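Read in the UniProt record's numbering, the sequence shown has 164 at position 164, and its numbers run on one by one without any break.
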Amino acid sequence: KNTYFPCNVSDDVEFMLKDAASAMKKEFGKDVTAIQLDEILTVATDTTESEEDPEYIVKLRDASEAVKDTYKSVLGEEKESVKAKGGMYVMGTNRHESSRIDMQLRGRAGRQGDPGSSRFFLSFEDDMFVIFGGDGLKNILKTFRVSEDMPVEAPQVTDALDKVQLAVEEKYREMREQIFNFDDILNAQRRVIYKR
1 KNTYFPCNVS DDVEFMLKDA ASAMKKEFGK DVTAIQLDEI LTVATDTTES
51 EEDPEYIVKL RDASEAVKDT YKSVLGEEKE SVKAKGGMYV MGTNRHESSR
101 IDMQLRGRAG RQGDPGSSRF FLSFEDDMFV IFGGDGLKNI LKTFRVSEDM
151 PVEAPQVTDA LDKVQLAVEE KYREMREQIF NFDDILNAQR RVIYKR
């Protein structure tokens, strides 16, 4: 049977899912976009229930809760095992152009008070460092007098990496701004042409 999901749902839960799908089809036909479906599922899985909720929302909510309960019973033991071993460990292999993405990755470990940690393994040969600050980082390596295959963990290195990441973010912000300004010019030209 299924090898992707943590377990198979019971026949009762499968019936609930099919019933919810039928209610959706009855309400919307086949004309539901992915964005609309996402919004409908968000409303259905929201904990705030209302007596005015349409039938399809109620059925989706019930089916969603049944699936969640099924998975929770199967994954509960696994969750406790992971917590006992120190929690989730997120390992990054590069820094992203946006520090926001790195912070989101770090946030995946230790969610809601659970234990967890994260660590990033980087190379000074990564494109971001070579293009936006390789010389400064090479000087740091010379200062610490380490071989190329030895890990470097020091506040100075972290600070230098943060500065490189800020430079990358600023460069991309400038590029987006230039594209936006260029698009304004093109839009003005389009308006003139379309008026003719």
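Quick reminder that beta carbons are idealized off the backbone N, C-alpha and C, glycines included. Model, not experiment: these values are computed from the prediction.
Beta-carbon proximity list for residue i, same chain, < 7 Å, skipping 5 on both sides
{"i": "valine 9", "result": "Val67 and Thr70"}
{"i": "aspartate 114", "result": "Lys83 and Gly87"}
{"i": "tyrosine 172", "result": "Glu97"}
{"i": "asparagine 94", "result": "Leu122 and Asp126"}
{"i": "leucine 105", "result": "Val90, Gly92 and Ser118"}
Delimiting residues of the beta strand (DSSP E) encompassing residue i
{"i": "arginine 119", "result": "116–120"}
Nearest-angstrom Cβ-Cβ length linking residue i and residue j, presumed shorter than 8 Å
{"i": "residue 208", "j": "glycine 92", "result": "Because the chain here runs from 1 to 196, residue 208 falls outside it and cannot be looked at."}
{"i": "methionine 16", "j": "aspartate 62", "result": "6 Å"}
{"i": "alanine 167", "j": "phenylalanine 132", "result": "5 Å"}
{"i": "glutamate 169", "j": "serine 99", "result": "7 Å"}
Residue i classed as buried or exposed, judged by whether at least 16 other C-beta atoms fall within 10 angstroms
{"i": "glycine 29", "result": "exposed"}
{"i": "glutamine 165", "result": "buried"}
{"i": "alanine 20", "result": "buried"}
{"i": "lysine 59", "result": "buried"}
{"i": "leucine 161", "result": "buried"}
{"i": "alanine 44", "result": "buried"}
{"i": "phenylalanine 5", "result": "exposed"}
{"i": "phenylalanine 129", "result": "buried"}
Delimiting residues of the alpha helix (DSSP H) encompassing residue i
{"i": "glycine 92", "result": "From DSSP, glycine 92 is part of no alpha helix (DSSP H) but of the beta strand (DSSP E) over 88–92."}
{"i": "alanine 154", "result": "Where alanine 154 is concerned, there is no enclosing alpha helix (DSSP H), given that its DSSP letter is neither H nor E."}
{"i": "arginine 111", "result": "Per DSSP, arginine 111 belongs to no alpha helix (DSSP H) and is neither H nor E."}
{"i": "threonine 45", "result": "34–45"}
{"i": "tyrosine 71", "result": "55–84"}
{"i": "glutamate 14", "result": "11–28"}
Other residues of its chain near residue i: CB distance less than 8 Å, five sequence neighbours each side excluded
{"i": "tyrosine 89", "result": "Ala109, Gly116, Ser117, Ser118 and Arg119"}
{"i": "valine 13", "result": "Ala63, Ala66, Val67 and Thr70"}
{"i": "lysine 138", "result": "Phe124"}
{"i": "lysine 18", "result": "none"}
{"i": "valine 32", "result": "Met24 and Ile40"}
Proximity test, residue i beta-carbon vs the ligand ADP heavy atom, cut-off 7 Å
{"i": "isoleucine 179", "result": "Ligands are entirely absent from the displayed structure, and the ligand ADP is therefore not among its contents."}
Proximal residues to residue i (C-beta, below 6 Å), its chain only, five neighbours per side dropped
{"i": "glutamate 27", "result": "Tyr56"}
{"i": "glutamate 78", "result": "none"}
{"i": "glutamate 49", "result": "none"}
{"i": "valine 192", "result": "none"}
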